[in-house]
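Novice: Going by my numbering, the sequence shown opens with residue 19, and the numbers climb by one from there. Cβ atoms here follow ideal geometry from the backbone N, Cα and C, with glycine treated the same way. No experiment lies behind these values; they were computed from the predicted model shown. Handing you this structure, nothing more for now.
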Amino acid sequence: MTITALPERAAVVIVGGGMAGLSCAAALARQGVGDVVLLEARTLAHAGASSFGESRMYREMYSDPVLCRLAQEANRLWREEERHAGEALREPHGLLFYGESWEEETIEGSIPGAQRVMDDQGIPYEALNAEEIAARFPLRPQPNFTGLFEPTAGAVRSDKVVAHWIRTARAAGHQLVEHCPVASIDAQGGGVTLENGSHISADQVVVACGIWSQLLLTPLGLAPKLEVWPMLWAHYTVDPGLADRYPQWFCFQRERGDDGGLYYGFPVLSTTADGRPRIKAGIDWAPEALRVQDPNAMTREAPTRLLELLDTFLFEALEGVQERVETVISPYSMASDVNFVLDRLTPSLSLFAGGSGQAFKFAPLIGESLARLASGRAPAVDLTCWSHQRDAVRA
Ligand SMILES: Cc1cc2nc3c(=O)[nH]c(=O)nc-3n(C[C@H](O)[C@H](O)[C@H](O)COP(=O)(O)OP(=O)(O)OC[C@H]3O[C@@H](n4cnc5c(N)ncnc54)[C@H](O)[C@@H]3O)c2cc1C
19 MTITALPERA AVVIVGGGMA GLSCAAALAR QGVGDVVLLE ARTLAHAGAS SFGESRMYRE
79 MYSDPVLCRL AQEANRLWRE EERHAGEALR EPHGLLFYGE SWEEETIEGS IPGAQRVMDD
139 QGIPYEALNA EEIAARFPLR PQPNFTGLFE PTAGAVRSDK VVAHWIRTAR AAGHQLVEHC
199 PVASIDAQGG GVTLENGSHI SADQVVVACG IWSQLLLTPL GLAPKLEVWP MLWAHYTVDP
259 GLADRYPQWF CFQRERGDDG GLYYGFPVLS TTADGRPRIK AGIDWAPEAL RVQDPNAMTR
319 EAPTRLLELL DTFLFEALEG VQERVETVIS PYSMASDVNF VLDRLTPSLS LFAGGSGQAF
379 KFAPLIGESL ARLASGRAPA VDLTCWSHQR DAVRA
């Protein structure tokens, strides 16, 4: 769709075509709201945004009991989403949390914290020692490492999900418009002005701009306090003989000097163009010196030191890793308490931001909740923990 074909008004305008904007559009479609325009500055789920790529972890293994319950609700909604899609959108191959076990929470939780919450909430898991981990997977855990394996966790196929949301929204008559940056939002909501100067009035505006949300909300005095973290991930080819043995894993180690200690990886979910099996792996940490306020100031180059750390971890801690074949920097939008912002800011303006490295698994809940806010209703479940008013994000 070209920008000149845009309407002058719509029931709902969504700004941003990543996970949050697209899941909201799909939920509005299912709620029967047809008069929706989604405006995306570049292309839907593009490579410079946070929703890019083939996979995201989902799990209920949380140290925070509230997030654990919300993850259970999201899994219920994923099952509905899969019924609508007529296909599986997730791969339930399980998730191994392993590493050092110490009483301190990291941005992804901790092994003892997650074990306590899973015990309290009756979530099935297996406890493993280093020998058992090494016998079962092509991993080389340190002798003091312990592990928890959640068999019902796995990977969301984010590329498939994005395609499903786009189909759902378009089938409902929504206009999904690419290369259409929004320059400003009317005070209180009520409409948006595009960079080309045209204006679209709206009963409701949903801001779903990831790290760029601050740029639109600061002039309105409504921006939450968030940081931008450049996050490194990469694809590595692996020994075809081991290709079906890699788990989905998250390794917890204490921060030491310039090593944040948190690494993660996926099983083989795809191949290189010439057919070699590959795994995706990343560092779940960015040094303070690289964290910024201004999204346009975030580095887009992979920092040499982070690349060294990731390569060293992959080649030393996993068996059969052969070659790094693709390297990507993707942004985290981070609140100081590592939780999200999903809230109504004014009667006609709602926001999702601060998705950190965790929001994709909650996508159906995020989409449905934003759609309810845009229809003048409250979210179906208590989302106080994602409030725009909490101290951690109040500017
Ligand atoms: C490396 C990485 C690994 C992750 N791993 C996991 C995981 O394993 N499990 C999990 O649950 N979550 C994970 N996440 C988190 C999850 O992927 C993100 O929280 C989520 O994708 C954020 O989506 P979003 O829609 O808020 O932002 P984005 O995807 O960044 O979308 C925002 C969109 O808004 C557009 N935009 C910005 N400004 C404007 C404007 N003015 N006008 C129009 N459009 C605009 C942008 O171009 C962009 O397309 C990970 C994130 C990253 C980066």
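With distances taken Cα to Cα, identify the nearest neighbour of residue 383 among 367, 366, 401.
Specialist: 401
Novice: Do residue 46 and residue 389 count as a contact pair if the criterion is CB distance below 8 Å?
Specialist: In this structure, residue 389 lies near residue 46, with their beta-carbon atoms less than 8 Å apart.
Novice: Inspect the CB distances between the stretch 81 to 97 and the stretch 182 to 195 and report whether three or more fall short of 8 Å.
Specialist: no
Novice: Using CA atoms only, rank isn't needed, just tell me which of 260, 38, 74, 23 is closest to residue 228.
Specialist: Relative to the Cα of residue 228, the nearest Cα in the group 260, 38, 74, 23 belongs to 38.
Novice: Identify which residue in 337, 244, 44, 329 has its Cα closest to the Cα of residue 153.
Specialist: 337
Novice: Tell me whether residue 382 sits in a helix, a strand or coil according to DSSP, three-state version.
Specialist: helix
Novice: So if DSSP puts residue 350 in a beta bridge, which residue, or which two residues, is it bridged to?
Specialist: 247
Novice: When the distance is taken between beta carbons, is residue 129 closer than 8 Å to residue 95?
Specialist: no
Novice: For a test of the three-state rule: what should DSSP assign to residue 130, helix, strand or coil?
Specialist: helix
Novice: May I ask you to report which of helix, strand or coil DSSP gives residue 147?
Specialist: strand
Novice: Locate the beta strand (DSSP E) running through residue 193, then write down its first and last residues.
Specialist: For residue 193, the enclosing beta strand (DSSP E) stretches over residues 193 to 195.
Novice: Can you pull the DSSP bridge partners for residue 295?
Specialist: 289, per the DSSP bridge assignment.
Novice: Does the contact criterion of 3 or more C-beta pairs under 8 Å hold for the stretch 62 to 77 versus the stretch 169 to 181?
Specialist: yes
Novice: Got a sec, what are the start and stop residues for the beta strand (DSSP E) residue 167 sits in?
Specialist: 164 to 168
Novice: Which residue comes first and which comes last in the beta strand (DSSP E) that contains residue 230?
Specialist: First-last for residue 230: undefined, no H or E at that position.
Novice: Nearest-angstrom Cα distance between residue 100 and residue 110?
Specialist: 13 Å
Novice: Does the stretch 274 to 294 come within contact of the stretch 303 to 310, defined as at least 3 CB pairs closer than 8 Å?
Specialist: Result yes; three or more Cβ-Cβ pairs closer than 8 Å.
Novice: Comparing the CB of residue 163 with every heavy atom of ligand 1, is any distance shorter than 7 Å?
Specialist: Not so, every heavy atom of ligand 1 lies at least 7 Å from the Cβ.
Novice: If the criterion is Cβ atoms closer than 8 Å, does the pair residue 201 and residue 269 meet it?
Specialist: No, the Cβ-Cβ distance between residue 201 and residue 269 is not below 8 Å.
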